[in-house]
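Participant: In our numbering, the protein residues as written are 377 to 629.
The structure follows.
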Amino acid sequence: MNWTAIKAIYLFEMARFFRTLAQSFISPVLSTSLYFVVFGAAIGSRIDQIEGVSYGAFIVPGLIMLSVITQAISNASFGIYFPKFIGTIYELLSAPVNFLEIVAGYVGAAATKALFIGVIILITAFFFVDVTIQHPLAMVAFLLLTCLSFALLGFIIGIWAGSFEQLQLVPLLIVTPLVFLGGAFYSISMLPPVWQTISYFNPVVYLISGFRWSFFGAADVPIAVSLLAIGGFTVACLAVIGWIFKTGWRIRQ
């Protein structure tokens, strides 16, 4: 393993992140604050409790997952797409590094950025609601796995995209709706039986459910199933990336 190459890619991507730190920091804080004002105060005042938890606290895991998933995908996809766009990816492909080292550098940086945003949102939540974390180790595990898995998905999207418009297509039209329909602001048990069954086909449900369990000890699906789902998703993304580098799909075009 060429750790020097991984470090070089990782530091280059992180430097780009810190150049826009104010935007990266202020934007999620403001958006999260607005969510708490609108959902926590306006709507939460009309909702008693959900599964024994105040509505303002109940939506915290969903808000963190929404931001982490979005940030992981956008950072990873842009990170690999931009070298394709300006043509410097050929220098990377001709360097003495294998695809695992390339993926580790780009995906590691994107996952770190998403983790940073997730921590910021969690800290912001403490200023608005009383949040307790019953299983902190599980919370960290779910957060890290989510950052990693969706950074891998973002990497795939960045290779697939042929334009900046396509780069935003999947996150806007597929991922964000899946998060909103995945129980980020409500419990799946509140839905009619038919819609509960449909919701179980949404992979984001398992992420949010497991992450919420780490906070409040309540989940819509068993924790083992949530871990199996995110683990399987991560392995699937790695397999797709391996196939992409083996065949050169969308890289050498």
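Backbone N, C-alpha and C define an ideal beta-carbon position, used for all residues, glycine too.
1) What is the residue span of the alpha helix (DSSP H) that S575 lies within?
2) On a Cα-Cα basis, can you pick out the residue from I497, F434, F492 and R395 that is closest to S409?
3) Tell me, to the nearest whole angstrom, how far the beta carbon of I440 is from that of G494; I am working on the premise that it is less than 8 Å.
4) Cα separation between A384 and S407?
5) With a CB to CB cut of under 8 Å and the five nearest residues on each side skipped, what residues in its chain are close to L567?
6) For the candidate residues I564, P569 and S539, whose alpha-carbon lies nearest to that of Y582?
7) Going by DSSP, name the residue or residues bridged to V429.
8) What would DSSP say about Y562, mapped onto helix, strand or coil?
9) Of the residues A537, I435 and F577, which one's Cα is nearest the Cα of Y457?
10) For I462, does the count of other Cβ atoms within 10 angstroms reach 16, so buried, or fall short, so exposed?
11) So, helix, strand or coil for T623, using DSSP?
12) From A487 to P598, what distance separates their C-alpha atoms?
13) Span of the alpha helix (DSSP H) holding S470?
14) Within the continuous alpha helix (DSSP H) that includes I533, where are the two ends?
15) Enumerate in chain order the residues of its own chain whose CB-to-CB distance from V546 is below 6 Å, with the five nearest sequence positions on each side excluded.
16) Could you check whether G432 and F504 sit closer than 8 Å to each other, using their CB atoms as the reference points?
17) If I measure Cβ to Cβ from A485 and keep anything under 6 Å in the same chain, skipping five residues before and after, which residues do I get?
18) For the pair the segment 601-609 and the segment 584-592, tell me if three or more CB-CB distances fall below 8 Å.
19) Under 6 Å Cβ to Cβ from Q572, same chain only, skipping five residues before and after it: list those, please.
20) Give the straight-line distance between the Cα atoms of V616 and I606, rounded to the nearest whole angstrom.
21) Could you give the C-beta distance for V444 and F592, rounded to a whole number, given that I count them as a contact under 8 Å?
22) Rounding to the nearest angstrom, what Cα-Cα distance links L468 and A381 in this structure?
23) Is it buried or exposed, N451, if we count other Cβ atoms within 10 angstroms and call 16 or more buried?
24) Looking only at its own chain, which residues have a Cβ that is under 6 Å from the Cβ of E477, when we skip the five neighbours before and after it?
Facilitator: Concretely, from the data shown:
1) P569 to S575
2) I497
3) 5 Å
4) 32 Å
5) S575
6) I564
7) I426
8) coil
9) A537
10) exposed
11) helix
12) 25 Å
13) I465 to S470
14) P512 to W536
15) I533
16) yes
17) Y386, E389 and M390
18) yes
19) I564
20) 15 Å
21) Not confirmed; about 18 Å, so no contact.
22) 10 Å
23) buried
24) N378, A381 and I382
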